[in-house]
Amino acid sequence: MPSASTEASTTVGAVSATSDTSDRSPAADSRVAPGGPGYRRMSLALFLAGVATFALLYSTQALLPLISDGFGTTASAASWTVSAATGALALFVLPMSALSERFGRRAVMTASLVVAVTVGLLIPFAPSLGALVVLRAVQGAALAGVPASATAYLAEEVRPKALITAIGLFVAGNSVGGMSGRVVTGWVAQEWGWRVALGVLGVIAVGCAVAFRLLLPAPKHFVAGSLRPRVLGRTVRAHLGNPLLCRLYAIGALFMAVFGGIYTVIGYRLADAPFSLPQGVIGSIFLVYLVGTVSASTAGRLAGRLGRRGALYLAGGTTTAGLVVSLSDSLGLVLVGLVLITAGFFAGHAVASSSVSHTAKEGRAQASALYQSAYYVGSSAGSTLGAVAFHAGGWGGTVSMGLLAVLGVVGITVVGSHAARRGPVPVH
Numbered sequence: 092m093p094s095a096s097t098e099a100s101t102t103v104g105a106v107s108a109t110s111d112t113s114d115r116s117p118a119a120d121s122r123v124a125p126g127g128p129g130y131r132r133m134s135l136a137l138f139l140a141g142v143a144t145f146a147l148l149y150s151t152q153a154l155l156p157l158i159s160d161g162f163g164t165t166a167s168a169a170s171w172t173v174s175a176a177t178g179a180l181a182l183f184v185l186p187m188s189a190l191s192e193r194f195g196r197r198a199v200m201t202a203s204l205v206v207a208v209t210v211g212l213l214i215p216f217a218p219s220l221g222a223l224v225v226l227r228a229v230q231g232a233a234l235a236g237v238p239a240s241a242t243a244y245l246a247e248e249v250r251p252k253a254l255i256t257a258i259g260l261f262v263a264g265n266s267v268g269g270m271s272g273r274v275v276t277g278w279v280a281q282e283w284g285w286r287v288a289l290g291v292l293g294v295i296a297v298g299c300a301v302a303f304r305l306l307l308p309a310p311k312h313f314v315a316g317s318l319r320p321r322v323l324g325r326t327v328r329a330h331l332g333n334p335l336l337c338r339l340y341a342i343g344a345l346f347m348a349v350f351g352g353i354y355t356v357i358g359y360r361l362a363d364a365p366f367s368l369p370q371g372v373i374g375s376i377f378l379v380y381l382v383g384t385v386s387a388s389t390a391g392r393l394a395g396r397l398g399r400r401g402a403l404y405l406a407g408g409t410t411t412a413g414l415v416v417s418l419s420d421s422l423g424l425v426l427v428g429l430v431l432i433t434a435g436f437f438a439g440h441a442v443a444s445s446s447v448s449h450t451a452k453e454g455r456a457q458a459s460a461l462y463q464s465a466y467y468v469g470s471s472a473g474s475t476l477g478a479v480a481f482h483a484g485g486w487g488g489t490v491s492m493g494l495l496a497v498l499g500v501v502g503i504t505v506v507g508s509h510a511a512r513r514g515p516v517p518v519h
């Protein structure tokens with residue numbers, strides 16, 4: 092049975108094979124082990140950070156039909172309230188990772204959440220769609236510090252063999268945040284409108300941010316670096332020159348393009364005939380995010396059993412099945428399709444994200460930041476393209492876009508498998 096560490100080198104390509112001897116070194120032994128009180132505090136803190144991040148990042152997604160009506164605009168125009176936030180996050184995640192190398196992961200994550208929740212309390216008062224889009228962009232830029240720092244923090248503080256599980260819990264927090272934000276705003280908006288809904292979500296995010304700061308242990312293995320642009324540039328170029336990392340970045344982007352496109356448009360589909368669901372019920376549809384919590388947190392066991400490459404194939408196949416099933420005009424089958432899409436996405440994301448952290452032996456924060464940049468570029472592009480495809484071809488158009496993206500994931504993984512058989516890729 093291949094281990095998680097050895098399988099990382101053959102997920103979508105190859106790097107020089109190394110055994111997981113780091114688990115036996117004194118430095119690794121002093122890291123947090125699963126099951127201890129420090130591990131539980133750390134896991135809960137980053138879980139809450141994930142909740143706040145995804146609740147705020149996608150806070151407008153379930154409300155897009157109401158925002159369209161409120162400002163008298165189209166679905167594709169309203170979708171920019173999602174794309175602006177995710178696009179700004181993609182743009183700022185690399186600079187935030189550099190700041191985390193200098194000032195510490197915990198400090199950057201704390202500052203990011205403080206700014207993001209403050210902007211979140213201002214967003215309900217946006218006087219126009221343009222102002223709302225600008226505020227969402229600022230919020231997305233602020234939130235960049237959390238994904239830019241979280242996986243690097245875990246990689247430094249948690250024992251290597253527990254890394255996938257720890258990152259899976261953080262990703263699980265993402266799914267809970269995405270779900271709870273949409274469900275809460277959906278029901279609140281049905282009674283009091285989308286502005287009040289966003290205000291309530293902002294208050295909830297404040298509570299998550301405060302709890303995160305109180306719970307997260309001070310780092311014990313972080314070594315501060317300096318803000319040296321030339322060194323940063325060399326590190327980024329080295330990562331972009333690593334075929335394995337680039338394939339992982341592309342896989343994350345494509346998975347997220349599917350997910351972003353589907354969930355940006357699903358509210359419009361369910362509000363229209365033959366479903367004609369009210370806003371509160373549409374928001375409750377996002378309870379299927381709980382499936383993502385399970386699939387992300389079990390991604391480590393899945394990769395251990397099938398190998399990381401096999402786990403990616405399974406995630407892609409599950410997502411494809413969900414896309415096809417969602418074409419039905421039966422509400423029950425649409426829900427089944429969303430469950431499969433969600434499970435496949437979160438499993439694939441957890442495996443790809445942890446593979447990046449495992450592969451990058453130096454400049455780990457920058458490697459994770461590049462993954463997050465690609466991931467949220469995929470989200471931004473998928474949200475916009477999904478809305479455009481829906482306008483042009485209905486739900487079938489959005490599903491077709493998703494199928495093309497999953498085909499890209501499978502193709503990249505196959506190419507990487509052939510590269511792995513040819514031998515290790517030198518990393519300079």
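Under the numbering used here, the first residue of the sequence shown carries the number 92, and numbering increases by one thereafter.
Here a beta-carbon is modelled for each residue, glycine too, at the ideal position from N, C-alpha and C.
A direct Cα-to-Cα measurement between Ala176 and Leu494 gives close to 25 Å. In this structure Glu248 is buried. Its beta-carbon is surrounded by 16 or more other beta-carbon atoms within 10 angstroms. Restricting attention to Ala169, Arg321, Val287, the CA atom closest to the CA of Ala222 is found in Ala169. For Ser150, no alpha helix (DSSP H) segment is defined, and its DSSP state is neither H nor E.
By the CB criterion at 8 Å, Arg396 and Gly507 fall outside the cutoff. With distances taken between CA atoms, Ala465 lies nearest to Gly343 out of Gly343, Gly413, Gln370, Ala387. Proximity of the region 264-271 to the region 372-386 meets the contact definition, three or more beta-carbon pairs being nearer than 8 Å. Rounded to the nearest whole angstrom, the C-alpha separation of Ala341 and Pro215 is 35 Å. In this structure, the CA atom of Leu135 is about 14 Å from the CA atom of Gly298.
With contact defined as three or more Cβ pairs closer than 8 Å, the region 197-206 and the region 304-313 are in contact. In the DSSP annotation of this structure, the continuous segment of the alpha helix (DSSP H) that includes Ser445 starts and ends at 422-450.
In this structure, Ala496 sits away from Val442, with a CB-CB distance that is not shorter than 8 Å.
Three or more beta-carbon pairs separated by less than 8 Å are not found between the region 289-297 and the region 469-477, which leaves the two stretches without contact. In the displayed model, Gly454 falls within coil according to three-state DSSP, outside both helix and strand.
For Asn333, there is no enclosing alpha helix (DSSP H), since its DSSP letter is neither H nor E.
Selection Gly231, Ala456, Leu226 evaluated against Thr144 yields Gly231 as nearest (Cα-Cα). Fully contained in the region 460-497 is no alpha helix (DSSP H) run of length 4 or more. Restricting attention to Ile357, Val500, Ala288, the CA atom closest to the CA of Gly488 is found in Ile357. With fewer than three CB-CB distances shorter than 8 Å, the region 176-190 does not count as touching the region 272-283. Exposure of Glu453 is indicated by the presence of fewer than 16 other C-beta atoms within 10 angstroms of its C-beta.
Glu282 is classed as exposed because its beta carbon has fewer than 16 other beta carbons within 10 Å across all chains shown. Ala207 and Ala233 do touch by the CB rule: their CB atoms are close to 4 Å apart, below 8 Å. With distances taken between CA atoms, Leu260 lies nearest to Leu137 out of Leu155, Leu137, Leu226, Val205. Taking each of Tyr149, Ser121, Val379, Thr209 in turn and checking the Cα distance to Ile432, the smallest one comes out for Val379. Rounded to whole angstroms, the Cβ separation of Gly290 and Leu212 is 7 Å, and the two are in contact under 8 Å. Between the C-alpha atoms of Arg360 and Phe366 there is a straight-line separation of about 8 Å. Sixteen is the threshold: since fewer than 16 other Cβ atoms of the shown chains lie within 10 Å of the Cβ of Val505, the residue is exposed.
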